[in-house]
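Residue 33 in the numbering used here is what sits at position 32 of the sequence shown, and the numbering runs on without skipping anything. Reading through the structure tokens given below for one structure.
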Amino acid sequence: MLANYTRSAQALSDLLQRDGVEDKEVLKAIAQIPRHIFIDDVLKHKAYQNTALPIGQGQTISQPYIVARMTELMRLAGVQHKVLEIGTGSGYQTAVLAKTFDKVYSVERIKALQWQAKRRLHQLDLYNVTMKHGDGWQGWQSQAPFDGIIVTAAATTIPPELLAQLADGGVLLAPIGEAEQNLTMVIRQGDSFTEHVIAPVRFVPLVPGDIE
């Protein structure tokens, strides 16, 4: 059974490469990570399809292409070392980040999801991730600055607290908007921030506050 899942992960990586993902480290991470462990049993048969899936609590595990593409964009922008993820969710995006960056910090507002994600990452022997239960809108000030910040839920506007936690030359990648969302990249240069719209996307909302 494990061999089947391994082949499925490799097939998913091959599919994403055909769809335009080029970064070899990102494709390698997709091929190595068993996406099925991040998904409830009833949906495991869809684990290696290129589609978003519900994970409970009104949240989703993102489409693999979006996970890979956002990670690739961060790397193309020069991010290598210290990354903040807003919205741990299932932990799948976190795992891909852990495979491709030196150190990952991840904030999740829903305690139950955070606990499950931490267990899955330890199951995969990924220990370069530090997690926090808290309000993603606030980021993680005590660990700032970050070379990269990746937001996995849609904010109506870019939270100023996150911009303040970017290192000089750092990159923030987030879906922005309500009815219409666009994946947006923000690059910090001193006290200036330059925005680039990448592509239309669809994410669950980035809700302020935390849930025990």
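Even glycine gets a Cβ: it sits at the ideal position worked out from N, Cα and C.
Can you have a look at residue i and say buried or exposed, based on whether 16 or more other CB atoms are within 10 angstroms of its CB?
i, result
"residue 201", "exposed"
"residue 176", "buried"
"residue 116", "exposed"
"residue 41", "exposed"
"residue 182", "buried"
"residue 133", "buried"
"residue 95", "buried"
"residue 22", "buried"
"residue 101", "buried"
"residue 4", "Any reading at residue 4 needs caution, since the residue's pLDDT is 49, under 50, leaving its predicted position unreliable; the model's value is listed next. That one is exposed."
"residue 13", "buried"
Throw me the rounded Cβ distance for the residue i and residue j pair, which I believe falls under 8 Å.
i, j, result
"residue 154", "residue 207", "4 Å"
"residue 135", "residue 108", "5 Å"
"residue 75", "residue 187", "Contact doesn't hold; Cβ gap of about 12 Å is too wide."
"residue 9", "residue 56", "Incorrect: roughly 19 Å between the Cβ atoms, too far for contact."
"residue 99", "residue 129", "5 Å"
Could you spell out where the beta strand (DSSP E) holding residue i opens and where it closes?
i, result
"residue 174", "167 to 178"
"residue 105", "104 to 109"
"residue 83", "83 to 87"
"residue 187", "182 to 190"
"residue 134", "130 to 134"
Start and end of the alpha helix (DSSP H) containing residue i?
i, result
"residue 200", "Residue 200 -> not in any alpha helix (DSSP H); beta strand (DSSP E) instead, spanning 193 to 202."
"residue 36", "From DSSP, residue 36 is part of no alpha helix (DSSP H); its letter is neither H nor E."
"residue 100", "93 to 101"
"residue 119", "112 to 124"
"residue 65", "65 to 77"
When the Cα of residue i is compared with those of the options, which residue comes out closest?
i, options, result
"residue 44", "32, 33, 30 and 61", "61"
"residue 137", "126, 127, 147 and 163", "163"
"residue 19", "51, 35 and 37", "51"
"residue 103", "39, 69, 120 and 26", "26"
"residue 156", "144, 147, 166 and 174", "174"
"residue 11", "24, 21, 35 and 23", "35"
"residue 124", "93, 72 and 204", "93"
"residue 179", "165, 122 and 205", "205"
"residue 145", "54, 105, 118 and 110", "105"
"residue 184", "170, 203, 190 and 195", "203"
Legend entry - Touch test, the region 80 to 91 against the region 21 to 31, Cβ-Cβ under 8 Å, three pairs minimum: Touching, no.
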